[in-house]
Amino acid sequence: MGGLVVSCGYKAPTQQRAATSNVNFRAFVSQDVSLGPSTAFPGGVPAGLFVIDASRDLRAPAFVSTSNLPGMLVLAPNKKLTLAYSAADNSVAVVNNTTESSSGAITLPGSTESIAVSPDATRAYAAVNNAPVFGQSPGAIEVMNLNVGNIPFTIPVPGAHYLAESHNGNRLLVFSDNSDTMTVVATSNVPACTPLCQSPNVVSTITGFNRPVGALFSSDDNTAYVLNCGPECGGQTASIQAVDMTTQNLLGPALPVDAATIGLINGNTLYVAGTPPPPTAPANACTGAATAATVCGRLDVVNLSSMTVTSSQVISDGFHNRIDLSDNGQLFVGARNCTSINNPGTEVRGCLSIFNTINPGVVIPPDNGDVTGVQAIKGRNVMYVVENGELRIYDTATDKLGPTQIDISGQAIDVKLVDF
4 MGGLVVSCGY KAPTQQRAAT SNVNFRAFVS QDVSLGPSTA FPGGVPAGLF
54 VIDASRDLRA PAFVSTSNLP GMLVLAPNKK LTLAYSAADN SVAVVNNTTE
104 SSSGAITLPG STESIAVSPD ATRAYAAVNN APVFGQSPGA IEVMNLNVGN
154 IPFTIPVPGA HYLAESHNGN RLLVFSDNSD TMTVVATSNV PACTPLCQSP
204 NVVSTITGFN RPVGALFSSD DNTAYVLNCG PECGGQTASI QAVDMTTQNL
254 LGPALPVDAA TIGLINGNTL YVAGTPPPPT APANACTGAA TAATVCGRLD
304 VVNLSSMTVT SSQVISDGFH NRIDLSDNGQ LFVGARNCTS INNPGTEVRG
354 CLSIFNTINP GVVIPPDNGD VTGVQAIKGR NVMYVVENGE LRIYDTATDK
404 LGPTQIDISG QAIDVKLVDF
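Numbering of the sequence shown is given in the numbering used here, commencing with residue 4 and proceeding in unit increments.
Right, dumping it as structure tokens:
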């Protein structure tokens with residue numbers, strides 16, 4: 004990501020309007036409940052994707068039927084497709100963003116929490132940690148052909164759980180459960196592989212980590228900053244480990260941090276969040292925060308030029324797995340399974356934390372529940388958040404809910420901006 008741009012107004016994208024909704028600045032919101040007739044949708048609505056006019060925070064009359072119960076959404080880098088994953092049947096619906104229609108679904112052999120799409124949107128990769136592999140331990144990367152709608156290649160990686168893809172799409176990093184190893188997939192060599200792909204030209208491994216769960220690439224893709232989850236994932240020490248992706252060598256010692264399950268790079272700054280597990284107090288104490296919670300998470304600010312932690316902030320606890328940065332420098336960090344407090348008039352607290360990166364300080368909004376979607380609305384001081392099954396529209400100038408809110412019928416799961 005580049006530097007911050009403080010926005011004073013909204014400028015719509017210049018591409019043609021979408022064929023169905025007639026909206027040219029859209030967000031998709033997944034919801035997994037079939038709905039009966041209503042005033043807005045007299046014919047009822049199946050589970051699928053609501054189309055939101057993200058320039059005005061309005062629900063468009065169009066709706067995308069995905070033929071599954073969609074949850075997690077993954078936007079292709081070229082913005083042509085959105086993949087909608089259903090945990091109900093492990094299917095991945097392929098949605099054409101221009102026509103706002105699904106071309107069908109691809110069924111995975113097990114569940115996934117992590118999908119990456121190639122830059123040209125022809126292939127996608129899903130980490131399926133329980134995928135059966137004959138004669139080997141379960142776990143694989145399922146390679147999906149998005150043009151044909153099938154799975155031509157399976158790359159065995161035992162316990163594969165999380166993925167990180169380089170900007171150019173040439174490298175796919177795979178992180179497995181209960182492992183101190185990172186698997187590297189050379190994606191350009193996959194098409195020449197056999198259906199059960201184990202070629203050394205495709206798969207290699209790097210050791211020396213501590214329960215890694217993710218990575219972020221430098222802008223030139225030469226360096227990967229690996230998030231070592233450490234004790235939160237059953238390991239020893241949470242840290243950031245830089246890796247030279249040209250030589251696949253570790254670059255210097257790992258930088259210890261408070262916790263690390265999710266991160267975001269902005270320029271030379273890495274923001275990394277997590278929750279130190281008990282009994283690590285005072286590392287996970289809520290010191291300085293006015294809350295009844297007894298355990299809190301941490302957000303560390305890392306200077307990548309010097310590889311030093313410049314500050315640490317107290318945030319809500321839980322397993323942090325959602326993060327995004329607004330145009331005016333507000334970092335939204337979401338978690339699941341946090342300490343929710345619901346004492347109206349005293350304290351209401353959930354799994355969302357907002358960090359002001361310009362004038363450092365943390366706000367915990369008064370809302371309960373897991374955060375399952377966070378999306379900055381480019382060109383506006385607005386953040387869309389899905390928390391506890393509802394879409395929340397935040398004004399990032401105030402860190403409060405904006406004047407316009409959208410009632411998403413059913414159970415909202417995720418949100419993605421598809422035009423920017």
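Note that CB positions come from ideal geometry on N, CA and C, so glycine has one too.
Treat the numbers as computed from the prediction; the structure is a model and nothing was measured.
Residue burial is scored here from C-beta neighbours: P368 has at least 16 other C-beta atoms within 10 angstroms and is therefore classed as buried. At a Cβ-Cβ threshold of 8 Å, A130 and Y88 do not count as neighbours. If you check the CB distance, A63 and V26 come in under 8 Å. Here the alpha carbons of G172 and T401 stand approximately 37 Å from one another. Scanning its chain for C-beta atoms nearer than 7 Å, with the 5 sequence neighbours on each side dropped, one finds around G291 the residues V317, in chain order. Taking all protein chains in view, the Cβ of F178 is crowded by 16 or more other Cβ atoms within 10 Å, so the residue is classified as buried. By the CB criterion at 8 Å, A262 and T278 fall inside the cutoff. Inter-residue distance for G392 and L76 is about 15 Å (C-alpha atoms, whole angstroms). With contacts defined by Cβ atoms closer than 8 Å, I411 and F31 do not form a contacting pair.
Taking each of T311, D123, A134 and A65 in turn and checking the Cα distance to N93, the smallest one comes out for A134. DSSP places S58 in no beta strand (DSSP E); its state is neither H nor E.
The Cβ atoms of I154 and V206 lie no closer than 8 Å to each other.
Boundaries of the beta strand (DSSP E) around F178: R174 to S179.
For the 8 Å CB-CB criterion, L176 and A227 form a contact.
Residue environment for I109: buried (at least 16 other C-beta atoms within 10 angstroms of its C-beta).
The three-state reading of DSSP puts V418 in strand, counting E and B together. G152 sits exposed, since fewer than 16 C-beta atoms from the chains shown fall within 10 Å of its C-beta.
In this structure L302 does not touch V351 by the C-beta definition: roughly 21 Å separates them, more than the 8 Å allowed. L149 and A296 have their C-alpha atoms spaced approximately 45 Å apart.
A check of alpha carbon separations from I55 across N192, Q378 and P285 identifies Q378 as the nearest.
A check of alpha carbon separations from N287 across Y274, V216 and P234 identifies P234 as the nearest.
Scanning the segment 337-410 for uninterrupted beta strand (DSSP E) segments of 3 residues or longer gives 344-346, 350-352, 355-359, 374-380, 385-390 and 393-398, listed from N- to C-terminal end. In the displayed model, G107 falls within a strand according to three-state DSSP. Closest in C-alpha terms to Q333, from the list N324, V312 and S356, comes S356. Apart from sequence neighbours up to five positions away, the residues of its chain that approach G405 with a beta-carbon distance below 6 Å are I396 and D398, ordered along the chain. In this structure, DSSP gives S412 a state outside helix and strand, which the three-state scheme calls coil. Non-local C-beta neighbours of G162 in its own chain, meaning closer than 8 Å and more than five positions away in sequence, comprise N132, S140, P141, G142, S179, D180, N181 and S182, ordered along the chain.
Around the Cβ of F156, a 10 Å sphere holds 16 or more other Cβ atoms; the residue is buried. Taking C-alpha positions only, F220 is separated from S319 by approximately 26 Å.
Rounded to whole angstroms, the gap between the alpha carbons of T240 and G321 is 18 Å. Residue environment for R126: buried (at least 16 other C-beta atoms within 10 angstroms of its C-beta). Rounded to whole angstroms, the gap between the alpha carbons of A245 and G413 is 43 Å.
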